[in-house]
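Below is one structure, written out as structure tokens, with a few remarks after it.
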Ligand code: ADP
Ligand code: MG
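Numbering (the working numbering), first residue to last: 26 to 672.
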């Protein structure tokens, strides 16, 4: 295993989903990507993290205990990443989440969201980046367990519609998880890579194709038009909504049943986090069932105040309550086509990605929009993104692949600066191919002898600057004394392969050129914050290892006690009364000791205890021990006891 790790396997692809994450690695021997199963044997892992009195849980372990620990179980961190606390989407989501979101103590506009939980009896606050880093860390661990050696490099995917702040925050999350990000790529691009590989493998067909990737997941929705050529995947246009997916459909069902419960029992479940969590789980299950049946039952024992809840829901009703959301999906497809100046007939294939594309109504609406065209379902909608990301990771890590490809991405939103009059001046138009460097000249001063100018950077499509998303601002100082409108300033927008922006401004036509570059923006974590989070992540990892060690030691001690009990029973006749009582007391006291102290025990204390117990019990068994030919098990007993070795 280690040999494989060293040779080829070190770069992985991670689909960091809102609801599920997936990890893959390129296998050169088989010329394909392996989607790696997690410790529970599943190919995708819930993007959930939970905290309790003793430990931190990630993935299935977190999701499974959600209803019993709703307020400390975090999901949907991707909906918060790179966002401001006052964003409408954040404010709306908060109303439905059972966990607490608070604001950082920054100035009013710049407040960022923090998730507050109770962990080991203390109030702890985590940034969305930290929660995402825990999920990335889990995916890294899953890959390392499979590969058999440390993994350092990864390609991580983000929705195509993610803005600069959200991409940067995702990159920060990977850094905190101890990963070196080879590249951040768009999820639909990754899916198109998987589709392209699939097509090449299937038919050897290498002609250029236009593919529409329709990715409707748990929390985000992306539509992309991707051109797939002989060796290149080029994203022509992207559209979608960072805030639309399966969870919204679940929420409609939750609202529906909460209202029904209120009507039937005159009780409000919305204020009860545990009930809401259980209702949400039941609604998601019902929604999935409605993709294959036309009616299903929602049945929850003791939902609220001891009252059972049972109701039915039909597919038609479900479709009706989500009609507007489904229509929004089709509108986004239309927008994507018109942005790319393409017709329906230009699209060769429509590729379905994301769990929510299993909803029959979504498929039907899409098929009708594409005038009856068959939709492509040959690639696994849950794994396509990780598959493409892993393939891309292998290319970037310089592995010799039989299929080498160039992947080209575009900017999801227009980027530019605010003007003195309040207008937005676009410098990099939406859907510009990456990487890009655009220099625009002709910026100037508005009054005589103005010493400096402010450059304010926005992203968005509004003509009024302030209505767009503010990315950052900086000041260009030391302008020469001159009448207004005389100094000429060039502004340069440089976007790298990851879609991350650097802006610089420079005085034109002067020997003393001044230049200032921003690589940072207000929403981003500072290097110090990232360092602190990295050391916290290490602390959590150490704590987890310590906890595992303690659990292992505890198991050994418990095993020893059980075994001693069993030996006592078996050799009852050979042991004197006094010794028997002594053994019985030791067993009893050890069980009590474990019970009373379980909160304060560490591995060392337990190992010491085991040694102490052994030193009392073993001599008794040794003294009574007379190998008896009639008892076949007899000769093995004392050597059955394992020597305690801790990792
Ligand atoms: P993400 O990329 O956002 O993590 P996924 O692509 O993994 O999301 O999709 C998860 C979403 O798909 C969840 O909301 C889940 O409820 C939904 N889903 C999964 N299977 C089905 C199904 N059979 N019918 C409807 N929705 C489904
Ligand atoms: Mg997804």
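Built from N, CA and C at the ideal position, the CB exists for glycine as well.
Residues close to ligand 1 by the beta carbon criterion (under 6 Å to any non-hydrogen atom) are, from first to last along the chain, 42, 43, 44, 45, 242, 243, 244, 245, 270, 271, 272, 309, 312, 313, 316, 379, 380, 381, 383, 384, 407. Annotation for residue 240: the continuous beta strand (DSSP E) segment containing it runs 234 to 241. Between residue 159 and residue 48, the CB-CB gap reaches or exceeds 8 Å. By the neighbour-count criterion, in which 16 or more other beta carbons inside 10 Å mark a residue as buried, residue 401 falls on the buried side. At a Cβ-Cβ threshold of 8 Å, residue 453 and residue 518 count as neighbours. The secondary-structure analysis by DSSP pairs residue 481 across a beta bridge with 498. If you keep only unbroken beta strand (DSSP E) runs of at least 3 residues inside the region 97 to 175, you get 125 to 128, 138 to 144, 147 to 151. In this chain, residue 600 is not harboured by any alpha helix (DSSP H), its DSSP state being neither H nor E. For residue 571, the shortest separation between its Cβ and any heavy atom of ligand 2 does not lie below 7 Å. Residue pairing by DSSP places residue 517 opposite 464, 529 in a beta bridge. Residue 199 sits away from residue 36, with the two beta carbons spaced by 8 Å or more. In this structure, DSSP gives residue 319 a state outside helix and strand, which the three-state scheme calls coil. Considering only 85, 282, 335, the residue with the shortest C-alpha distance to residue 65 is 85. DSSP, reduced to helix, strand and coil, places residue 366 outside both helices and strands of the structure shown, so it counts as coil. Counting other Cβ atoms within 10 Å of its Cβ, residue 331 stays below 16 and is therefore classed as exposed. Taking one beta carbon from each stretch, the region 570 to 582 and the region 634 to 642 have 3 or more pairs nearer than 8 Å; the two touch.
Only residues of its own chain outside the window of five on either side were considered, and among them 575 have a CB closer than 6 Å to the CB of residue 627, listed in chain order. In this structure, DSSP gives residue 644 a helical state, which the three-state scheme calls helix. If you look at residue 52, you'll find it in the beta strand (DSSP E) that goes 45 to 52. In the DSSP assignment, residue 59 falls within the beta strand (DSSP E) that extends over 57 to 60. Nearest Cα to residue 562 within the set 68, 92, 154: 154. Secondary structure at residue 65: coil, using DSSP grouped into helix, strand and coil. In its chain, beyond the 5 residues on either side, 250, 372, 375 have a beta carbon closer than 6 Å to the beta carbon of residue 237.
Under the three-state reduction of DSSP output, residue 253 falls in the strand class.
Within the same chain, Cβ atoms closer than 6 Å to the Cβ of residue 73 are found at 87, 88, 100, the five residues on either side in sequence being excluded.
Secondary structure of residue 606 (DSSP, three-state): helix. Beta-bridge annotation (DSSP): residue 587 is not paired with any residue. Relative to the Cα of residue 489, the nearest Cα in the group 444, 531, 467 belongs to 444. By the Cβ test, the region 505 to 519 is in contact with the region 460 to 473, since at least three Cβ pairs between them sit closer than 8 Å. About 13 Å separates the beta carbons of residue 265 and residue 216, which is beyond the 8 Å limit, so they are not a contact pair.
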